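Taken in order, these protein sequences are the chains called G and D.
The C-terminal position of the first sequence is numbered 528 in the numbering used here, with every residue numbered one higher than the one before it.
The C-terminal position of the second sequence is numbered 528 in the numbering used here, with every residue numbered one higher than the one before it.
Note that the Cβ used here is the ideal one computed from N, Cα and C, for glycine as well.
None of the values given here were measured: they were computed from a predicted structure.
Working notes for the structure below.
Protein chains: 2
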Amino acid sequence: MKLPSLMLAAAAIGLIAMQFNAWAADTGESIVGQGVPGKVTPCATCHGVRGEGGGDGVFPRVAGLPAAYIETQLKAFRDGGRSSPLMSPMAVGLSDADISAIATYLERQQPMFFAPPKAEPVQLERGQNLVTLGRWAQGIPSCTSCHGAALQGVEPAIPSLAGQSWQYLSAQLEAYRSGQRAPGPLQLMGRIARGLNSQEIQDVSVYIASLRPGARPEIPRPATPEPYRAKPQSPDTFVPPPESAIPAGPYGELIRFGQSIFEDTPKHAAHYAGNTLSCRNCHLDRGRDPKSSPMWAAYVHYPEYRKKDGLVNTLQMRIQGCFRYSQNGTVPDADSRELTALVTYFYWMASGLPVGVTPKAAGYPKLNAPQAIPSPERGARVYASSCALCHGDNGLGRGRGGEQVFPPLWGPQSFNWGAGMHQVDRAAGFIKASMPYGAGGTLTDQEAWDVAAYVNSRPRPQDPRFSESVEKTRALYHSDHEYDYYGREIDGLLLGAPGTLEQWEKSNK
Amino acid sequence: MKLPSLMLAAAAIGLIAMQFNAWAADTGESIVGQGVPGKVTPCATCHGVRGEGGGDGVFPRVAGLPAAYIETQLKAFRDGGRSSPLMSPMAVGLSDADISAIATYLERQQPMFFAPPKAEPVQLERGQNLVTLGRWAQGIPSCTSCHGAALQGVEPAIPSLAGQSWQYLSAQLEAYRSGQRAPGPLQLMGRIARGLNSQEIQDVSVYIASLRPGARPEIPRPATPEPYRAKPQSPDTFVPPPESAIPAGPYGELIRFGQSIFEDTPKHAAHYAGNTLSCRNCHLDRGRDPKSSPMWAAYVHYPEYRKKDGLVNTLQMRIQGCFRYSQNGTVPDADSRELTALVTYFYWMASGLPVGVTPKAAGYPKLNAPQAIPSPERGARVYASSCALCHGDNGLGRGRGGEQVFPPLWGPQSFNWGAGMHQVDRAAGFIKASMPYGAGGTLTDQEAWDVAAYVNSRPRPQDPRFSESVEKTRALYHSDHEYDYYGREIDGLLLGAPGTLEQWEKSNK
Numbered sequence: 020m021k022l023p024s025l026m027l028a029a030a031a032i033g034l035i036a037m038q039f040n041a042w043a044a045d046t047g048e049s050i051v052g053q054g055v056p057g058k059v060t061p062c063a064t065c066h067g068v069r070g071e072g073g074g075d076g077v078f079p080r081v082a083g084l085p086a087a088y089i090e091t092q093l094k095a096f097r098d099g100g101r102s103s104p105l106m107s108p109m110a111v112g113l114s115d116a117d118i119s120a121i122a123t124y125l126e127r128q129q130p131m132f133f134a135p136p137k138a139e140p141v142q143l144e145r146g147q148n149l150v151t152l153g154r155w156a157q158g159i160p161s162c163t164s165c166h167g168a169a170l171q172g173v174e175p176a177i178p179s180l181a182g183q184s185w186q187y188l189s190a191q192l193e194a195y196r197s198g199q200r201a202p203g204p205l206q207l208m209g210r211i212a213r214g215l216n217s218q219e220i221q222d223v224s225v226y227i228a229s230l231r232p233g234a235r236p237e238i239p240r241p242a243t244p245e246p247y248r249a250k251p252q253s254p255d256t257f258v259p260p261p262e263s264a265i266p267a268g269p270y271g272e273l274i275r276f277g278q279s280i281f282e283d284t285p286k287h288a289a290h291y292a293g294n295t296l297s298c299r300n301c302h303l304d305r306g307r308d309p310k311s312s313p314m315w316a317a318y319v320h321y322p323e324y325r326k327k328d329g330l331v332n333t334l335q336m337r338i339q340g341c342f343r344y345s346q347n348g349t350v351p352d353a354d355s356r357e358l359t360a361l362v363t364y365f366y367w368m369a370s371g372l373p374v375g376v377t378p379k380a381a382g383y384p385k386l387n388a389p390q391a392i393p394s395p396e397r398g399a400r401v402y403a404s405s406c407a408l409c410h411g412d413n414g415l416g417r418g419r420g421g422e423q424v425f426p427p428l429w430g431p432q433s434f435n436w437g438a439g440m441h442q443v444d445r446a447a448g449f450i451k452a453s454m455p456y457g458a459g460g461t462l463t464d465q466e467a468w469d470v471a472a473y474v475n476s477r478p479r480p481q482d483p484r485f486s487e488s489v490e491k492t493r494a495l496y497h498s499d500h501e502y503d504y505y506g507r508e509i510d511g512l513l514l515g516a517p518g519t520l521e522q523w524e525k526s527n528k
Numbered sequence: 020m021k022l023p024s025l026m027l028a029a030a031a032i033g034l035i036a037m038q039f040n041a042w043a044a045d046t047g048e049s050i051v052g053q054g055v056p057g058k059v060t061p062c063a064t065c066h067g068v069r070g071e072g073g074g075d076g077v078f079p080r081v082a083g084l085p086a087a088y089i090e091t092q093l094k095a096f097r098d099g100g101r102s103s104p105l106m107s108p109m110a111v112g113l114s115d116a117d118i119s120a121i122a123t124y125l126e127r128q129q130p131m132f133f134a135p136p137k138a139e140p141v142q143l144e145r146g147q148n149l150v151t152l153g154r155w156a157q158g159i160p161s162c163t164s165c166h167g168a169a170l171q172g173v174e175p176a177i178p179s180l181a182g183q184s185w186q187y188l189s190a191q192l193e194a195y196r197s198g199q200r201a202p203g204p205l206q207l208m209g210r211i212a213r214g215l216n217s218q219e220i221q222d223v224s225v226y227i228a229s230l231r232p233g234a235r236p237e238i239p240r241p242a243t244p245e246p247y248r249a250k251p252q253s254p255d256t257f258v259p260p261p262e263s264a265i266p267a268g269p270y271g272e273l274i275r276f277g278q279s280i281f282e283d284t285p286k287h288a289a290h291y292a293g294n295t296l297s298c299r300n301c302h303l304d305r306g307r308d309p310k311s312s313p314m315w316a317a318y319v320h321y322p323e324y325r326k327k328d329g330l331v332n333t334l335q336m337r338i339q340g341c342f343r344y345s346q347n348g349t350v351p352d353a354d355s356r357e358l359t360a361l362v363t364y365f366y367w368m369a370s371g372l373p374v375g376v377t378p379k380a381a382g383y384p385k386l387n388a389p390q391a392i393p394s395p396e397r398g399a400r401v402y403a404s405s406c407a408l409c410h411g412d413n414g415l416g417r418g419r420g421g422e423q424v425f426p427p428l429w430g431p432q433s434f435n436w437g438a439g440m441h442q443v444d445r446a447a448g449f450i451k452a453s454m455p456y457g458a459g460g461t462l463t464d465q466e467a468w469d470v471a472a473y474v475n476s477r478p479r480p481q482d483p484r485f486s487e488s489v490e491k492t493r494a495l496y497h498s499d500h501e502y503d504y505y506g507r508e509i510d511g512l513l514l515g516a517p518g519t520l521e522q523w524e525k526s527n528k
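Encoded structure:
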């Protein structure tokens, strides 16, 4: 097919899709407003004609939810995966086409907001803390980690939360907690809700419901920072200072700027980021998590000689390596404001930690050698069941509204061959300890090895040091790694698993 | 006087001086070889015709000693300041002119070396440690601090030690220790010798005597570094790792390079040093001394916001400030090998020290406010009695053989107005705690304030940030310092004390 006819065909497919969606939205509007005569009461009775919710928040807002999420829920009510005395009988009367039409219509509706609940500032701040920071040390990621920085939700499985009623939010969290609602994909919400007490569920729900249209939850910033005096701490029981202790003034501002870069590198270090990854994608809990190479441990570990470049690396040089390989980007100068901010953020996090004494938490956890040679084929199955939910069937990550929520694990927006995560052993250690979010340790060691091999056998950008041939470059920079996929993505493609180069190109044109 | 006639006059003076010296050397040779008939036995009887020493080292080598030192010693023997059953009766027969002639002749003789003493390597290493590192924590500077990196001695008071016999060296140290020999200028050698035991005196003497012509003592470098494992330490009782623990390999090499820059900045960071000062001149004991702003304390203190430039400074930026102001030089890039080496050296020194906890030793000691406003006039008298011995009557420092041993405190080779030491309070705290070498704490607080005011009222290079006028620049950068001489060296000149601009120009043409 020549290029002009290819473009014509693509245009035709686009036109058909638009027409289908328009038809589905009309049908959806009709079912929501009038129901299915003789079978289904109009959704609008409880949820409003535009899905705005009702009963002062007893009936949740469904407008603006991801269509796939609505479909999944309605089918679950219909087929028994989720039960509700009100919803289950209704859903039984809906065909797949009805459900799809409802979902298409509702997703298009502007989310409306209930009147903000009455709440004390101290309760809102407690809620904001959990929503934006989570409590990773007890396996509770922040809500924003999965629902997105604007709580906008992610197709297909993760609902938007912004503007939802606090009654509905707290009822669902309590239902997850008690097991009355099934624990959700990968059992994530069940785990998380069981880690919260009723007060915390109230705090989170009230805070989310208090957010106004367009507001994005931000880390609380007390007017008067919590008094904090760094004290010497033991490296193996180290706890970084709390966020609330970030001081006022230019020093604190620079710490916050470093933290912002860490949270959202493409946004705050736009000049240097070469892909959509952020520092926090590999170093969880904003670089604090002891199981994913915490930045406080890195702070006291550099300068150190690295074989990778044959030089003693300062911390600045080490971070430059992250920009070059993990972010496949441009290296900021050692004295750029961005690097100074990151170093200052790490320094502050390391308050009280002894210099040059390696904490147990340094680097990524090491797995024992695998019992069987890591297999991308087996890994593809682990990936499909445990990773694709967030990272996508095609490994390109997931987000919503143009915002990346879950990072791409391969493809043009992921780390390149030169990155540490492209070492299968390192990726396996990270995955075993920390993946999926809030469910670290649930894969077997062999599953972690296999899925790491799978991910690293997928196509990704070339090592910027590439010269002449894969063999020569590998000999120079990657010769001593086991289970190595350096420059071998072509082999990966032959496996026929998801994430072929074709898909990559299609998703990135 | 016009320029040509000025040059003629200078040439004439030079010629006369050369002729006088030639006459003096001839006369000196005659007295050394033949004595003064009827009064003085020939020096050569014991010390050899070229002052090479004799009696297998019992009679010291006097060849190559600084002339002024020889004069001082002979006059001391003659006038009773120093006593010896052999030397005192001889010296009585010498006129001032005889002494001057002997000194001129002997200084010109190439120092000869006795056969090296037999010694175990372990003893030599012990001696080398004391000679090159000293034991500052107990107030014992390294021998090289005052006698010069090549132990070449310094006019007028400090003899060369290289190639001296171990018998003579140990006999003199023992004599200083017992008080049999007067404790020397500022009582320095008396203090130092009392800090050594007899074994250490032997070690030092044997090591120095073992040095061959042209050899420079270097910090011992064990083939196998001492095993050292950094352990968390309390910030207020912190002890940096010993030199002998600097590891092998590229990391250790970079530490040593950083240490070399610290020891001799003009030599090892030649591209950036703008004067003859080295880091160690203000941070004693190679940056380890807790009383002079130790570098291990600085390491855990940065990044920090500084009013000086209105920025959060990384350690690299802070060191760049030293190059710009204290060294009146050029700023190395943040990722230059020199800065990386210095940071790596400081990092290694800080092993075990908690990040962000300020040790008591951080910065320079603070003095209580002075009882009287610090007076350059009084300070000039303190300077003459306690500082000029090493730093020179003209403040331009002292050295020998083209090598700076004691740093210039003002003049074109000293720090500029923008340096921290140009703050009278900081200079006073440093001087009180650490000056003279090995005799810290011997000045009163008021003397330290006064001499700091004197030193800082002397002419020195301009702040590189200078713009428009002293008043305007001072308002921008130096407004909140008490007893301030910022840009006021002209006032200083009016005091008529040593170190006028004329002398500066004369000494530096």
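- alpha helix (DSSP H) segments (min. 4 residues) lying fully within the region 65-106 of chain G: Qualifying alpha helix (DSSP H) stretches, in chain order: 86-98.
- Could you give the distance in angstroms between the alpha-carbon of Thr295/G and the alpha-carbon of Pro426/G? Cα to Cα, Thr295/G sits roughly 7 Å from Pro426/G.
- Query: Hey, Gly209/G and Gly198/G: beta-carbon distance below 9 Å or not?
  - Reply: Yes, the pair counts as a contact, with Cβ atoms nearer than the cut-off.
- Message: Do Cys409/G and Val470/G count as a contact pair if the criterion is CB distance below 9 Å?
- Response: Their beta carbons are not under 9 Å apart, which means Val470/G does not touch Cys409/G by this criterion.
- Task: Identify, in the order they occur along the chain, each residue of the same chain with its Cβ nearer than 7 Å to the Cβ of Asp482/D, setting aside the five sequence neighbours on each side.
- Result: The residues are Asn435, Trp436, Gly437, Thr492, Tyr496.
- Is any beta-carbon of chain D found at less than 9 Å from that of Lys250/G? At least one beta carbon of chain D lies nearer than 9 Å to the beta carbon of Lys250/G.
- Message: Would you say Gln538/G lies against chain D (beta-carbon separation less than 9 Å)?
- Response: Here chain G comprises residues numbered 20 to 528, so residue 538/G is not present and cannot be evaluated.
- Just checking my contact of Ser224/G with Leu188/G at CB under 8 Å: how many whole Å lie between their CB atoms? Confirmed, about 4 Å.
- Message: According to DSSP, is Gln252/D part of a helix, a strand, or is it coil?
- Response: Under the three-state reduction of DSSP, Gln252/D is assigned to coil, being neither helix nor strand.
- Message: Given a cut-off of 9 Å on the beta-carbon distance, is the pair Phe445/D and Ser476/D in contact?
- Response: The sequence given here has Arg at residue 445/D, not Phe. No, the Cβ-Cβ distance between Arg445/D and Ser476/D is not below 9 Å.
- Where Ser312/G meets chain D, residues with beta-carbon distance less than 9 Å: Within chain D, no C-beta atom comes nearer than 9 Å to that of Ser312/G; the closest sits roughly 17 Å away.
- Output yes if chain D places a C-beta closer than 9 Å to the C-beta of Ala120/G; else output no. Not a single CB atom of chain D sits nearer than 9 Å to the CB of Ala120/G.
- Query: What residues from chain G crowd round Tyr324/D, counting only those whose CB sits closer than 7 Å?
  - Reply: Under a criterion of Cβ atoms nearer than 7 Å, the residues of chain G adjacent to Tyr324/D are, in order, Gly268, Pro269, Tyr270.
- Message: Rounded to whole angstroms, what is the Cα-Cα separation between Cys165/D and Gly329/G?
- Response: Their backbone Cα atoms lie some 39 Å apart in a straight line.
- Around the C-beta of Trp42/D, are 16 or more other C-beta atoms found within 10 angstroms, so that it is buried, or is it exposed? With fewer than 16 other Cβ atoms within 10 Å, it is exposed.
- Going by Cα to Cα distance, which pick from Ser311/D, Ala292/D, Pro378/D is closest to Thr349/D? Checked all of Ser311/D, Ala292/D, Pro378/D; the closest Cα to Thr349/D is Ala292/D.
- Task: Let me know the secondary structure DSSP gives Val223/G once reduced to three states.
- Result: Looking at Val223/G - three-state DSSP - the assignment turns out to be helix.
- Would you report the Cα separation of Glu48/G and Gly340/G, rounded to the nearest angstrom? Between Glu48/G and Gly340/G, the C-alpha separation is close to 52 Å.
- Query: List, in order along the chain, the chain D residues whose C-beta lies closer than 9 Å to that of Tyr318/G?
  - Reply: Correct list: Val374.
- Between the C-alpha atoms of Glu466/D and Val401/D, what's the straight-line distance to the nearest angstrom? For Glu466/D and Val401/D, the gap between their C-alpha atoms comes out near 7 Å.
- Query: Does DSSP put Gln423/G in a helix, a strand or coil?
  - Reply: Three-state DSSP puts Gln423/G in a strand.
- Task: Would you mind reading off the limits of the beta strand (DSSP E) that contains Val443/D?
- Result: Note, Val443/D: premise wrong, no beta strand (DSSP E); alpha helix (DSSP H) at 443-453.
- Going by CA-CA distance only, name the one from Met106/D, Pro56/D, Tyr88/D, Val55/D that's closest to Cys65/D. Check the Cα spacing between Cys65/D and each of Met106/D, Pro56/D, Tyr88/D, Val55/D: the tightest is with Met106/D.
- Message: I'd like to know if Gly329/G contacts chain D, where contact means its C-beta is closer than 9 Å to some C-beta of that chain.
- Response: For Gly329/G, at least one C-beta of chain D is nearer than 9 Å to its own C-beta.
- Message: Strictly under 9 Å for the Cβ-Cβ distance: is Met336/G near chain D by that measure?
- Response: In terms of beta-carbon proximity, Met336/G lines the interface with chain D, with at least one pair separated by less than 9 Å.
- Task: Within the region 127-178 of chain D, note down every full alpha helix (DSSP H) run reaching 4 residues or more, in order along the chain.
- Result: When DSSP assignments are scanned along the region 127-178 of chain D, the uninterrupted stretches of alpha helix (DSSP H) that are 4 or more residues long and fall wholly within it turn out to be 140-152, 162-166.
- Where the region 399-416 of chain D meets chain G: residues whose CB sits under 8 Å from a CB there: For the region 399-416 of chain D, which is checked against every Cβ of chain G, not one residue is closer than 8 Å.
- Where Asn347/D sits in the DSSP three-state scheme: Note: Asn347/D maps to coil in three-state DSSP.
- Item | Limits of the unbroken beta strand (DSSP E) element including Val331/D | Segment 330-332, the beta strand (DSSP E) holding Val331/D.
- Query: Do Pro251/G and Val376/D have their CB atoms nearer than 9 Å?
  - Reply: Contact annotation: Pro251/G and Val376/D have beta-carbon atoms nearer than 9 Å.
- Query: How many angstroms separate the CA atom of Ser161/D from the CA atom of Trp367/G?
  - Reply: Answer to the nearest angstrom: the Cα atoms are 37 Å apart.
- Query: Using the rule of at least 16 other Cβ atoms within 10 Å of the residue's Cβ for burial, across every protein chain shown, is Lys137/G buried or exposed?
  - Reply: Label assigned to Lys137/G: exposed.
- Item | Stretch-stretch touch, CB-based, cutoff 8 Å, three pairs: the region 165-177 of chain G with the region 376-396 of chain G | The region 165-177 of chain G, when compared against the region 376-396 of chain G, does not touch it at the 8 Å Cβ threshold.
- Between Tyr456/G and Asp308/G, what straight-line distance do the alpha-carbon atoms span, to the nearest angstrom? So the alpha carbons of these two residues sit roughly 12 Å apart.
- Would you tell me roughly how many angstroms separate the C-alpha atoms of Leu334/G and Pro266/D, rounded to the nearest one? Looking at the two C-alpha atoms, the distance is approximately 20 Å.
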